[in-house]
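As structure tokens, then:
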């Protein structure tokens, strides 16, 4: 397994898949990740890094993922090929191509098939390399502009120990759900979210009072 310790890596091949993005997704980053050390790591392959964007939480620590942009798609492809799984500050890097949207950016959405009522939305398209905590923190931050997020439920797969690629987000305010539906197609962790508001509410069978 390749370990990055600051030493220059031997330059690899010059080929890269045509049409790929110059931007890659970097996951499983340690809390102490910083732009400068990541830039040095990726440029050790011989390419030129334009920007390193790490997602930070309110506590100032890295949230475990970010994006790196290169001057050429070939350099981006080489980074994914040679450094995916490499050791960075004790964590195995998870790299993937942050390819541009392959579907039309925002197709006219079909009329929502269910009433935008209640306070829960269903979100799928999550990156399997992101941890449960990263998903909770990231989505809470993303949707807080819609209203107060009361809970993010991330179903886990018992066999793999990882999440299932989707989650449920509950809001404290009734109007937040309608605003959250507008985030359908938003980027999160290098992928495009699919949001569905047709979610049965987790209410009891009734009750008086």
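Residue numbers (the working numbering): -13 to 195.
For glycine and all other residues, C-beta sits at the position ideal for the given N, C-alpha and C.
Worksheet item: Which residues in the same chain as residue 175 place their Cβ atom closer than 6 Å to its Cβ, once the five residues preceding and following it in sequence are excluded?
Response: 51, 113, 116
Discussion item. Counting C-beta neighbours from all protein chains within 10 Å, is the total for residue 134 16 or more, i.e. buried, or is it exposed?
Written reply: exposed
Worksheet entry | Coil, strand or helix - residue 55 by DSSP | strand
Practice prompt. Measure the alpha-carbon distance for residue 77 versus residue 140 and round it to whole angstroms.
Written response: 23 Å
Practice prompt. May I ask you to list the residues that DSSP assigns as paired with residue 121?
Written response: DSSP lists no partner for residue 121.
Worksheet entry | Inter-residue CB distance, residue 155 and residue 107 (contact presumed, cutoff 8 Å) | 5 Å
Discussion item. Just verifying my parser: in three-state terms, what is the DSSP assignment at residue 136?
Written reply: strand
Worksheet item: Hey, would you say the C-beta of residue 146 is under 7 Å away from at least one heavy atom of the ligand NAD?
Response: Summarising the ligand content, the structure contains no ligands, and the ligand NAD is consequently not present.
Worksheet item: Does the Cβ-Cβ distance between residue 23 and residue 62 come in under 8 Å?
Response: no
Worksheet item: If you compare alpha carbons, which of 37, 26, 19 is closest to residue 75?
Response: 19
Worksheet item: Of all Cβ atoms in chain D, is any one closer than 8 Å to the Cβ of residue 147?
Response: Among the chains in the structure shown there is no chain D, since it carries only a single protein chain.
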